[in-house]
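Here's the structure, in structure tokens; my notes come after.
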Amino acid sequence: MSGWVEQYLDALRARDEREKAAIDVYRQCTKLQDQWAQAQQAQRMGVAEDEPQQANPPPPSIMGRGLRRVTSPPAPTASESASLAQLRQDLAKSQQERGEMSTKLEVALRELDTLRGKARVDVKRINQLNTHVTQLAVKLKDREEELRGKAKLIENVQDENVTLNLQLNMADEQAEKLKSENKELVDRWMARMGKEADQMNEQHKFG
1 MSGWVEQYLD
11 ALRARDEREK
21 AAIDVYRQCT
31 KLQDQWAQAQ
41 QAQRMGVAED
51 EPQQANPPPP
61 SIMGRGLRRV
71 TSPPAPTASE
81 SASLAQLRQD
91 LAKSQQERGE
101 MSTKLEVALR
111 ELDTLRGKAR
121 VDVKRINQLN
131 THVTQLAVKL
141 KDREEELRGK
151 AKLIENVQDE
161 NVTLNLQLNM
171 ADEQAEKLKS
181 ENKELVDRWM
191 ARMGKEADQM
201 NEQHKFG
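Numbered according to the UniProt record's numbering, the sequence shown spans residues 1 to 207.
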């Protein structure tokens, strides 16, 4: 195999090792989502089993004293669930496309190496394959950057939602404060206008 092909395959193997970080993030997100769904199911099953036991409680036992009900984490909002679902879908699609492009690239490299070993080499075909390999390498690099960006976006979406909620709460508090101040100003203005009207009425009486 040609030296440049070996170098390129080494670069691909190094890239695969770096990519494991993004794949692990995606798998961790999926694992957390599955754990949340399992906790919700366990809670529903625990409630269904506890209702008949409240009417006729069984005698205490050693095993019974060690059981605790599973509590689920706070359920995400509808917007958070939709955003995370879309991001995971995009990440999975990009991952699939990356795998397809990697397979095509490996096939192209093997075909290129076979053609180089033949006695009669089709120079035009080799040039086409070289161009194809270069294009696939560029697309693969772009896809890797996209995968890293989407994985980071999934990681940060919860923090962003918390920040937005805090800002919304602060805006609500500010609105209430302004509303109270505005009401106070209106009341003072109305009182002043009423007082001036009374004074004018008194002046007309004596005038």
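From the three backbone atoms N, C-alpha and C, an ideal C-beta is built for every residue, glycine too.
In terms of Cβ geometry, L147 and Q95 form a close pair [threshold 8 Å]. In this structure the segment 81–92 lies against the segment 147–165, because at least three pairs of beta carbons, one per stretch, are closer than 8 Å. Distance from the Cα of E155 is smallest, within the candidate group L84, E100, M101, for L84. With respect to the 8 Å criterion, R98 and R143 are classified as neighbours on the basis of their beta carbons. With a 10 Å radius around the Cβ and a threshold of 16 neighbouring Cβ atoms, L105 comes out buried. Annotated three-state conformation of K139 is helix, per DSSP.
Here L109 is buried. Its C-beta has 16 or more other C-beta atoms within 10 Å. Beyond the five residues adjoining it in sequence on each side, A171 comes within less than 6 Å, by CB distance, of no other residue in the same chain. Spanning the alpha carbons of R13 and S102 requires a straight line of approximately 11 Å. K118 sits in coil when the DSSP states are folded into three classes, being neither helix nor strand. K118 and E145 have their C-alpha atoms some 37 Å from each other. Taking a 10 Å sphere around the C-beta of L112, we find 16 or more other C-beta atoms and assign the residue as buried.
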